[in-house]
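Notes for the one structure printed next.
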Amino acid sequence: MARASSTCRKIWVVLLCVMVFAPSEEGGGVGMADGKSRLWPVGDSAGWSFGVLGWPNYKPFEAGDVLLFHYKPGTHNVVKVSNVQYSMCQVSGNVTVWISGNDRVTLDRGMSFFVSSMPGDCERGMKIAVTAQQ
Numbered sequence: 001m002a003r004a005s006s007t008c009r010k011i012w013v014v015l016l017c018v019m020v021f022a023p024s025e026e027g028g029g030v031g032m033a034d035g036k037s038r039l040w041p042v043g044d045s046a047g048w049s050f051g052v053l054g055w056p057n058y059k060p061f062e063a064g065d066v067l068l069f070h071y072k073p074g075t076h077n078v079v080k081v082s083n084v085q086y087s088m089c090q091v092s093g094n095v096t097v098w099i100s101g102n103d104r105v106t107l108d109r110g111m112s113f114f115v116s117s118m119p120g121d122c123e124r125g126m127k128i129a130v131t132a133q134q
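Numbering (the UniProt record's numbering), first residue to last: 1 to 134.
Below you can see the structure in the form of C-alpha cells.
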C-alpha cells in the first residue's frame with residue numbers, strides 16, 4: 001500500500017509540473033502576468049545580459065505582455081529609449097529607468113526599445129527592440 005501511495009504522489013508531481021511549465025498554445029511566454037498577458041523573461045535563463053540583442057526575434061509579443069528584466073542590481077539597468085537613442089546607444093532627455101534587478105515592463109502596442117545605460121553595456125549588445133501587436 002505504501003508503494004502505491006508513493007507512486008501516486010510521483011504521478012501527481014509530474015502532472016503538476018507539466019501543467020505549470022508547459023508552453024502555451026500561443027507559442028511563448030512563461031506564464032500569464034494578469035490572466036491574459038504573458039510574462040517574458042528577457043534573455044530567458046541568461047537574464048538581461050550581454051548578447052541579448054537577438055532574443056526578441058520571432059516571439060509573438062502582444063500589447064499588455066510583460067517583459068521581466070532580471071540582473072544583478074548596480075551592475076546594469078533598463079532604460080526605455082527612442083529608436084534613435086537605441087541605434088546610437090545614447091541615453092538623454094526624459095527617459096524611464098529601472099534599477100531593481102527584477103524589473104517588469106508592460107508593453108504598449110508598436111515598437112519599444114530598451115538598453116542598459118551603464119558604461120559600455122549597450123555597445124556590447126545589452127539592448128533589445130520589441131514589437132508588440134494588438
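Heads up, the beta-carbon is just placed ideally off N, CA and C, and yes, glycines get one too.
Where residue i falls: helix, strand or coil (DSSP)
| i | result |
| --- | --- |
| Asp44 | helix |
| Val95 | coil |
| Gln133 | strand |
| Ser100 | coil |
| Ser87 | helix |
| Arg124 | helix |
| Pro73 | strand |
| Phe113 | strand |
| Leu68 | strand |
Same chain only: Cβ atoms within 7 Å of residue i, ignoring 5 sequence neighbours per side
| i | result |
| --- | --- |
| Asn77 | Val97, Trp98, Ile99, Ser116, Ser117, Met118 |
| Ser82 | Phe113 |
| Gly93 | none |
Beta-carbon proximity list for residue i, same chain, < 8 Å, skipping 5 on both sides
| i | result |
| --- | --- |
| Phe50 | Asp121, Arg124, Gly125, Met126 |
| Val79 | Val91, Val95, Thr96, Val97, Trp98, Phe114, Val115, Ser116, Ser117 |
| Gln134 | Glu62, Ala63, Arg109 |
Beta-carbon proximity list for residue i, same chain, < 6 Å, skipping 5 on both sides
| i | result |
| --- | --- |
| Cys89 | Cys122, Glu123 |
| Gly64 | Ser37 |
| Val105 | Leu67 |
Proximity to residue i [Cα-Cα], best of the options
| i | options | result |
| --- | --- | --- |
| Tyr86 | Glu62, Leu53, Asn102, Asp108 | Leu53 |
| Pro41 | Val66, Gln134, Thr75 | Val66 |
Euclidean distance between Cα positions of residue i and residue j
| i | j | result |
| --- | --- | --- |
| Glu62 | Arg109 | 7 Å |
| Thr131 | Met111 | 4 Å |
| Val18 | Asp44 | Because the pLDDT at Val18 is just 34, under 50, the model does not fix this residue reliably, and the value given afterwards should be weighed accordingly. Approximately 19 Å between the Cα atoms of the pair. |
| Tyr71 | Trp55 | 15 Å |
| Ala46 | Leu68 | 12 Å |
| Gly74 | Leu39 | 24 Å |
| Asp103 | Ile128 | 15 Å |
| Trp48 | Leu107 | 16 Å |
| Asn57 | Val84 | 20 Å |
Cβ-heavy atom distance, residue i to the ligand FAD, below 7 Å
| i | result |
| --- | --- |
| Leu53 | In the structure on display, the ligand FAD does not appear, and there are no ligands present to speak of. |
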